[in-house]
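Asker:
There are 2 protein chains.
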Amino acid sequence: MRAIVVTIGDELLVGDTINTNAAWLGAALSACGIELVRIETVGDDPEAICQALRRARQEASLVLLCGGLGPTHDDRTREALAMCLGRSLQLREDILSQIEAYFRQRQRPMPERNRVQALVPEGFEPLVNTVGTAPGLWMEDAQGVVVALPGVPHELEHLMQNAVLPRLTRRTGRRVVQQRTLITAGIGESALQQQLEGVETLLDENLSLAYLPGPYGVRLRLTARAHNAETAQQRLEQLEAFVRDRIGTALVGTNGDTLEAVVGRLLRAQGKTLAIAESCTGGHIADRITDISGASAYFQGGIVAYSNAVKVTLLGVDPQILAREGAVSEAVAVQMAQGARQYLQADVGLATTGIAGPTGGTAEKPVGTVWIGLADAQNAYARQYYLPADRLRFKQRATAMALDLLRQHLLQAIPAAVV
Amino acid sequence: MRAIVVTIGDELLVGDTINTNAAWLGAALSACGIELVRIETVGDDPEAICQALRRARQEASLVLLCGGLGPTHDDRTREALAMCLGRSLQLREDILSQIEAYFRQRQRPMPERNRVQALVPEGFEPLVNTVGTAPGLWMEDAQGVVVALPGVPHELEHLMQNAVLPRLTRRTGRRVVQQRTLITAGIGESALQQQLEGVETLLDENLSLAYLPGPYGVRLRLTARAHNAETAQQRLEQLEAFVRDRIGTALVGTNGDTLEAVVGRLLRAQGKTLAIAESCTGGHIADRITDISGASAYFQGGIVAYSNAVKVTLLGVDPQILAREGAVSEAVAVQMAQGARQYLQADVGLATTGIAGPTGGTAEKPVGTVWIGLADAQNAYARQYYLPADRLRFKQRATAMALDLLRQHLLQAIPAAVV
Numbered sequence: 001m002r003a004i005v006v007t008i009g010d011e012l013l014v015g016d017t018i019n020t021n022a023a024w025l026g027a028a029l030s031a032c033g034i035e036l037v038r039i040e041t042v043g044d045d046p047e048a049i050c051q052a053l054r055r056a057r058q059e060a061s062l063v064l065l066c067g068g069l070g071p072t073h074d075d076r077t078r079e080a081l082a083m084c085l086g087r088s089l090q091l092r093e094d095i096l097s098q099i100e101a102y103f104r105q106r107q108r109p110m111p112e113r114n115r116v117q118a119l120v121p122e123g124f125e126p127l128v129n130t131v132g133t134a135p136g137l138w139m140e141d142a143q144g145v146v147v148a149l150p151g152v153p154h155e156l157e158h159l160m161q162n163a164v165l166p167r168l169t170r171r172t173g174r175r176v177v178q179q180r181t182l183i184t185a186g187i188g189e190s191a192l193q194q195q196l197e198g199v200e201t202l203l204d205e206n207l208s209l210a211y212l213p214g215p216y217g218v219r220l221r222l223t224a225r226a227h228n229a230e231t232a233q234q235r236l237e238q239l240e241a242f243v244r245d246r247i248g249t250a251l252v253g254t255n256g257d258t259l260e261a262v263v264g265r266l267l268r269a270q271g272k273t274l275a276i277a278e279s280c281t282g283g284h285i286a287d288r289i290t291d292i293s294g295a296s297a298y299f300q301g302g303i304v305a306y307s308n309a310v311k312v313t314l315l316g317v318d319p320q321i322l323a324r325e326g327a328v329s330e331a332v333a334v335q336m337a338q339g340a341r342q343y344l345q346a347d348v349g350l351a352t353t354g355i356a357g358p359t360g361g362t363a364e365k366p367v368g369t370v371w372i373g374l375a376d377a378q379n380a381y382a383r384q385y386y387l388p389a390d391r392l393r394f395k396q397r398a399t400a401m402a403l404d405l406l407r408q409h410l411l412q413a414i415p416a417a418v419v
Numbered sequence: 001m002r003a004i005v006v007t008i009g010d011e012l013l014v015g016d017t018i019n020t021n022a023a024w025l026g027a028a029l030s031a032c033g034i035e036l037v038r039i040e041t042v043g044d045d046p047e048a049i050c051q052a053l054r055r056a057r058q059e060a061s062l063v064l065l066c067g068g069l070g071p072t073h074d075d076r077t078r079e080a081l082a083m084c085l086g087r088s089l090q091l092r093e094d095i096l097s098q099i100e101a102y103f104r105q106r107q108r109p110m111p112e113r114n115r116v117q118a119l120v121p122e123g124f125e126p127l128v129n130t131v132g133t134a135p136g137l138w139m140e141d142a143q144g145v146v147v148a149l150p151g152v153p154h155e156l157e158h159l160m161q162n163a164v165l166p167r168l169t170r171r172t173g174r175r176v177v178q179q180r181t182l183i184t185a186g187i188g189e190s191a192l193q194q195q196l197e198g199v200e201t202l203l204d205e206n207l208s209l210a211y212l213p214g215p216y217g218v219r220l221r222l223t224a225r226a227h228n229a230e231t232a233q234q235r236l237e238q239l240e241a242f243v244r245d246r247i248g249t250a251l252v253g254t255n256g257d258t259l260e261a262v263v264g265r266l267l268r269a270q271g272k273t274l275a276i277a278e279s280c281t282g283g284h285i286a287d288r289i290t291d292i293s294g295a296s297a298y299f300q301g302g303i304v305a306y307s308n309a310v311k312v313t314l315l316g317v318d319p320q321i322l323a324r325e326g327a328v329s330e331a332v333a334v335q336m337a338q339g340a341r342q343y344l345q346a347d348v349g350l351a352t353t354g355i356a357g358p359t360g361g362t363a364e365k366p367v368g369t370v371w372i373g374l375a376d377a378q379n380a381y382a383r384q385y386y387l388p389a390d391r392l393r394f395k396q397r398a399t400a401m402a403l404d405l406l407r408q409h410l411l412q413a414i415p416a417a418v419v
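Line order of the protein sequences matches chains A and B. Sequential numbering of the first sequence, starting at 1, is according to the UniProt record's numbering. Sequential numbering of the second sequence, starting at 1, is according to the UniProt record's numbering.
Here it is, written out as C-alpha cells:
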C-alpha cells in the first residue's frame, strides 16, 4: 500500500512550527509496512488542500491529511474536503454531543465556535476523539482511503493508534519492508563511511543503508524489502552483522535507543548511581537523563554550577585552582566530577565545563572548547573536546560526548555480554 | 515571488529525521517576502526528485531542493537534476580543490567518495560551501530559479544566508508580506479564542490571524499583505493593538521571543539573580534558561534534586515535612525555592516538584500534578497545576508554567513600561 501525507497549516509554511507530525506519521506507517512515497505541506487554503488531495489520490491508495480541523476560522480542511469531493457538510448531532461532553467533563462551557467541529462531509465516517474536540474523518471509495486528522500532536497520535492504524493493517499485505536503525556516538559521518568501506557490495535495490547525522550522533538506517518476512529479516541481519563488526563500541544501540537510555540500563545493571555537575551544558545532561522513565532509580541529581561561586561552594572546587587554571580546565572538570559524586552521594560523577559561546572565547580556549570530567571510587579524569557550533548545538554535542564518555567508562567495568 | 521547497531523504519519509530544514527555510523565505506555497518531501530516488521538480517549476518561479548532495551512495540529487533537466554532470576541478582543502585544513585525508561532490550539472553554478564539503547549486533560466542545497542544517543555513538569500532579495519586489508573531503563556487556545471574540470583523483575505499551539504556549501569527510596506505595517499594527488590549499580561513577547529570554531581560532590568531547584522538570528549566547567551549575568545555577536525600542535604528541605506531606506538596515546593535562593545565593528561587509519570501517580496526586514554588526576600509561595501529558510534554509544560509564574512575579515588581 502506497501512502501520501498532506500536512496543512500556514504555520508550517512560514516556519513557525516544525513539522513533527510528518515524522511521527512516517515512522508509524513505515512500522506497519505502508510505504510513504511523499509528504506535501500546504497552507490553510481550501484550493491548495484540494489540489494536493487530487494529486495524491492519483498516486497513492491512502491519503492522510493532517491539520485544519480545529475550531478557529483558519481551520479549512472540512470545507476543502467537501468542496473537492463534491460533498455537503452535515452537522452531526452525535458528534456535537461528544464535544459538549468533552467540555462538561472539564467543567468549562463549550465555546460556540467549537460547533463547527461537528460538521462532517457526506459519506465520511467520524473517528471519535477522546483526547480533544476534533474528530478524525475516514472515507473509502473505489480509489482508496482518505483520512483527515487533527494537527495537535497528541490528538493525531491517539487517533492514529486507536482508529486509523488498526483499520489500515487489516487492509495491507504482500510486500514486506523491514527496517532497523543502528545508533552510533562519538564518530562522524565520514569516519563511519571509511570504517564501512566495502558495504556497497552487500547493497542492492532491496537492501539499503542510509546515514542520518544528528546532534547526538550519526544513526544508520538499514532497510530490506522482500516478498516474505524471513528473507527481509535474513538480509537485514547480514547487513547488521557487517556493520557491528566494523564499528565496535561506537554502536550505542538500535532503533529508538538513545545514549541516555543505554547509560540508564548500564547503571541499573551495575547497581550504580549517578550525579552530574554541569557548567556549559547548563542542565541539558540532567534533562536528557530524566527524560527516561524510572531514572530516579539511578539518578541522584545534578548541580548546574553556572557561576564560579557555585562551583566552589556546592561542588568544593579549589578556588586557587579555579583562579590559576580557569573554569574551563582539566583540573576543574575533575574536581567538579568528584564534587558531584561526593555531595550528591553517588557512585559516579560526571561534569562539563566549556565555552558555549557565542562570546567568551579566547585564542587559547576558543568557543567550542569543553572539558568533560568523570569520577568514581577508583578513578578521576577529564578529556578535552573541541565542538565548534552554535550555542544550542554545542550544548547538545557536549551532552552527547559526556554521555558517551560515561557509557564507554561503564562498558569497561562489565563483560560485553551484559549489554 | 512564489517558491516551492522540495526536501529530499528517505529518513524524512520513514520518520527518522524531523524536517527542521523545511521550517527554517519557510521562516527565511517569509522574512524576505517570498511566498512559500508548498513543501514537498520525497525519498532518495531520482525519479521522485525529478517529478517533484517538474511539478514545482510549473507553479513557482523559485524551486529550492534540499538534501541528497552528500558523499554517500544514497545521495542522488546531483544525478536527478542532470537527468531531469537533460544536462550532463561535469567534474569541476576548482570545486574538487576546495573539498580537498577543506579536509587538509582539518588534517584529515579526503575520502575517495567525496569526489562525487565536485560533480556539477552543466549550466549550474556551484555555491562555495566553507562549512562543509557539499557545494550548493544555482541555475536560472526563462522559467525561473532552481537551487539545490545540502541537507545538513548548518551547511544549508550558511549557504542560504551567504549565497542564496542575497541573490533572491535582488530579484523580488512588488507585493509586500509582513508578519508578526505574538507569544502567549499560561492560556489555552480555546480561552484565547474567547478573549479575542470579534476579531474576525478585522480580518479579510489580506489580513489573517493563526493560532499556533505548542508545549510552551500558544503563539498568534498575524499576517498582512499589501501593495506597499506602509499599508501592510498599518494593518498589522491595528490588529496587534486589538489583540494586546484583549489578552493583557498573557502576552509574553513578539516574534522570536521566548519565556526564558523575556525572564532574562526582566531579571537584568531589575538587577536580580536567579537560582532553580528542580525535581520533576529534571533540569529542563535550567537548560532553557542557559539557552540564552549571557545568562551567566543573572543565573547563579540550579540543583536537580531528583532523590529526596538531595532535597534534604542540598536544599535544606525539612525531612519531617517531606515525610508528612510527601515530596509533591506545597510545603516542599516552598522550601525548595527558599533553599535554592539561600544555598545558591540568589535573589529569587524557583522550584518544581511533581509527578511526570507514566508511573508514580495516585488517586490523590495523579500523574501531571505539579507544585511550583517561588521565593524572594519578601515572599515565598507555591501554586498547584494539573498538566496531564506524556513525560516529555509534561516537563515542557511544567517548565513553561514555572517560567511564566516567575515572569508574572517579576512584572509586579516594576512598572509595565520597562518591559
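For glycine and all other residues, C-beta sits at the position ideal for the given N, C-alpha and C.
Using the Cα positions of Gly-144 of chain A and Gln-90 of chain B, report the straight-line distance between them to the nearest angstrom.
Answerer: Roughly 44 angstroms separates the two Cα atoms.
Asker: Between A:Asp-404, A:Met-110 and A:Ala-118, which has its C-alpha nearest Glu-189 of chain B's C-alpha?
Answerer: Of the candidates A:Asp-404, A:Met-110 and A:Ala-118, the one whose C-alpha sits nearest the C-alpha of Glu-189 of chain B is A:Met-110.
Asker: Quick one: is Asn-228 of chain B buried, meaning 16 or more other Cβ sit within 10 Å of its Cβ, or exposed?
Answerer: By the 10 Å Cβ count, Asn-228 of chain B comes out exposed.
Asker: With a cut-off of 7 angstroms, does the C-beta of Gln-194 of chain A fall near any C-beta of chain B?
Answerer: Closer than 7 angstroms: yes.
Asker: Using a threshold of 7 angstroms, state whether the C-beta atoms of Met-139 of chain A and Val-128 of chain A are closer than that.
Answerer: No.
Asker: Is the number of C-beta pairs between the region 154–162 of chain B and the region 106–126 of chain B that are closer than 8 angstroms three or more?
Answerer: No, the region 154–162 of chain B does not touch the region 106–126 of chain B.
Asker: Once you ignore the five residues that flank Thr-133 of chain A on each side, which residues in its own chain have a CB closer than 6 angstroms to its CB?
Answerer: Result list for Thr-133 of chain A: Ile-99, Tyr-102, Asn-114 and Gln-117, in chain order.
Asker: Under 8 angstroms: do the region 325–338 of chain A and the region 322–336 of chain B share three or more Cβ pairs, one atom per stretch?
Answerer: Result no; under three Cβ-Cβ pairs closer than 8 angstroms.
Asker: Show which residues of chain B have a CB atom less than 8 angstroms away from the CB atom of Thr-17 of chain A.
Answerer: The contacting residues are Ala-23, Leu-212 and Gly-214.
Asker: Can you find at least 3 beta carbon pairs, one from the region 290–305 of chain B and one from the region 362–382 of chain B, that sit closer than 8 angstroms?
Answerer: Result no; under three Cβ-Cβ pairs closer than 8 angstroms.
Asker: Taking the alpha carbon of Glu-260 of chain B as the reference point, which residue from B:Thr-184, B:Ile-18 and B:Ala-309 has its own alpha carbon closest?
Answerer: Of B:Thr-184, B:Ile-18 and B:Ala-309, the residue nearest in Cα terms is B:Thr-184.
Asker: Could one say the Cβ of Val-97 of chain A lies closer than 7 angstroms to chain B's Cβ atoms, at least one of them?
Answerer: Here residue 97 of chain A is Ser; the residue named in the question, Val, does not match the sequence. So no, Ser-97 of chain A is outside the interface.
Asker: Thinking just about the alpha-carbon of each residue, which of B:Gln-345, B:Ala-56 and B:Leu-222 is nearest to the one in Thr-313 of chain A?
Answerer: Nearest option by C-alpha distance: B:Gln-345.
Asker: How big is the Cα-Cα spacing for Asp-245 of chain A and Leu-202 of chain A?
Answerer: Each residue's Cα considered, the two are about 14 angstroms apart.
Asker: Taking any Cβ of chain A, which residues in the region 288–307 of chain B have a Cβ under 9 angstroms from it, in chain order?
Answerer: Listed by position along the chain: Arg-288, Ile-289, Thr-290, Asp-291, Ile-292, Ser-293, Gly-294, Ala-295, Ser-296, Phe-299, Gln-300, Gly-301, Gly-302, Ile-303, Val-304, Ala-305, Tyr-306 and Ser-307.
Asker: Considering only their Cβ atoms, is the gap separating Tyr-343 of chain A from Gly-301 of chain B smaller than 7 angstroms?
Answerer: No; because the gap between Cβ atoms is not below 7 angstroms, this pair is not in contact.
Asker: Quick check on the DSSP output: the alpha helix (DSSP H) that includes Met-160 of chain B runs from which residue to which?
Answerer: Segment: none, Met-160 of chain B is in no alpha helix (DSSP H) and carries neither H nor E.
Asker: Do you know how far the Cα of Ile-4 of chain B is from the Cα of Ile-58 of chain B?
Answerer: Per the sequence presented here, residue 58 of chain B reads as Gln, with Ile not at that position. The straight-line gap from Cα to Cα measures roughly 10 angstroms.
Asker: Just the C-alpha distance for Val-131 of chain B and Thr-17 of chain A, rounded to the nearest angstrom, thanks.
Answerer: The straight-line gap from Cα to Cα measures roughly 26 angstroms.
Asker: From this set, A:Gly-68, A:Ala-377 and A:His-284, which residue's C-alpha is nearest Pro-215 of chain A's C-alpha?
Answerer: Comparing Cα-Cα distances from Pro-215 of chain A to each of A:Gly-68, A:Ala-377 and A:His-284, the minimum goes to A:His-284.
Asker: Since I believe Gln-270 of chain A is in contact with Thr-223 of chain A (beta carbons under 8 angstroms), could you give me their beta-carbon distance rounded to a whole number of angstroms?
Answerer: Incorrect: roughly 35 angstroms between the Cβ atoms, too far for contact.
Asker: Determine the contact status of Leu-403 of chain A and Val-263 of chain A, defining contact as a CB-CB distance below 7 angstroms.
Answerer: In this structure, Val-263 of chain A lies closer than 7 angstroms to Leu-403 of chain A by Cβ.
Asker: Any idea which residues DSSP pairs Tyr-386 of chain B with across the strands?
Answerer: In the DSSP output, where bridge partners are listed per residue, Tyr-386 of chain B has B:Thr-369.
Asker: If we count the other Cβ atoms within 10 Å of its Cβ and call it buried at 16 or more, is Tyr-386 of chain A buried or exposed?
Answerer: So Tyr-386 of chain A counts as exposed.
Asker: Please list, in chain order, all residues of the same chain as residue 448 of chain B whose beta carbon is under 8 angstroms from its beta carbon, the five residues on each side excluded.
Answerer: Because chain B in this structure spans residues 1 to 419, residue 448 of chain B falls outside the shown range and cannot be described.
Asker: Which term fits Pro-415 of chain B, buried or exposed, when burial requires 16 or more other beta carbons within 10 angstroms of its beta carbon?
Answerer: Bear in mind that a pLDDT of 44 at Pro-415 of chain B, under 50, signals an unreliable position, so the model cannot answer this.
Asker: Thinking C-alpha only, which one of A:Leu-64, A:Val-37, A:Leu-53 and A:Gly-361 is nearest residue 420 of chain A?
Answerer: Given a span of 1 to 419 for chain A in the structure shown, any question on residue 420 of chain A remains unanswerable.
Asker: Measuring alpha carbon to alpha carbon, tell me which residue in A:Ile-34, A:Cys-32, A:Leu-96 and A:Leu-149 is nearest Val-6 of chain A.
Answerer: Here the closest residue by C-alpha is A:Leu-149.
Asker: Taking Gly-198 of chain B as the reference, give the member of B:Ala-295, B:Arg-171 and B:Phe-242 with the closest Cα.
Answerer: Minimum Cα distance to Gly-198 of chain B is reached at B:Phe-242.
Asker: Take Gly-43 of chain A as the anchor and find which of A:Gly-26, A:Leu-168 and A:Ile-8 has the nearest alpha-carbon.
Answerer: Selected option, being the one with the closest Cα: A:Ile-8.
Asker: Please state the DSSP three-state secondary structure of Asp-347 of chain B.
Answerer: Correct three-state label for Asp-347 of chain B: coil.
Asker: Look at the Cβ atom of residue 449 of chain B, then the Cβ atom of Val-218 of chain B, and state whether they are nearer than 7 angstroms.
Answerer: Residue 449 of chain B lies beyond the residue range present for chain B, which begins at 1 and ends at 419; the question has no answer from this structure.
Asker: For Arg-367 of chain A, which residues in the same chain have their Cβ closer than 6 angstroms to its Cβ, ignoring the five residues on either side in sequence?
Answerer: Per the sequence shown, residue 367 of chain A should be read as Val rather than Arg. Here the set comprises Ile-355, Gly-357 and Gly-361.
Asker: Among the residues of its own chain, which have a CB less than 6 angstroms from the CB of Asp-10 of chain A, if the five just before and after it don't count?
Answerer: Excluding sequence neighbours, Asp-10 of chain A sits near Gly-43 and Asp-44.
Asker: Answer with buried or exposed for Glu-278 of chain A, where buried requires no fewer than 16 other C-beta atoms within 10 angstroms of its C-beta.
Answerer: Buried is the call here.
Asker: Per DSSP, Asp-141 of chain A forms a beta bridge with which residues?
Answerer: Beta-bridge pairing links Asp-141 of chain A to A:Gly-144.
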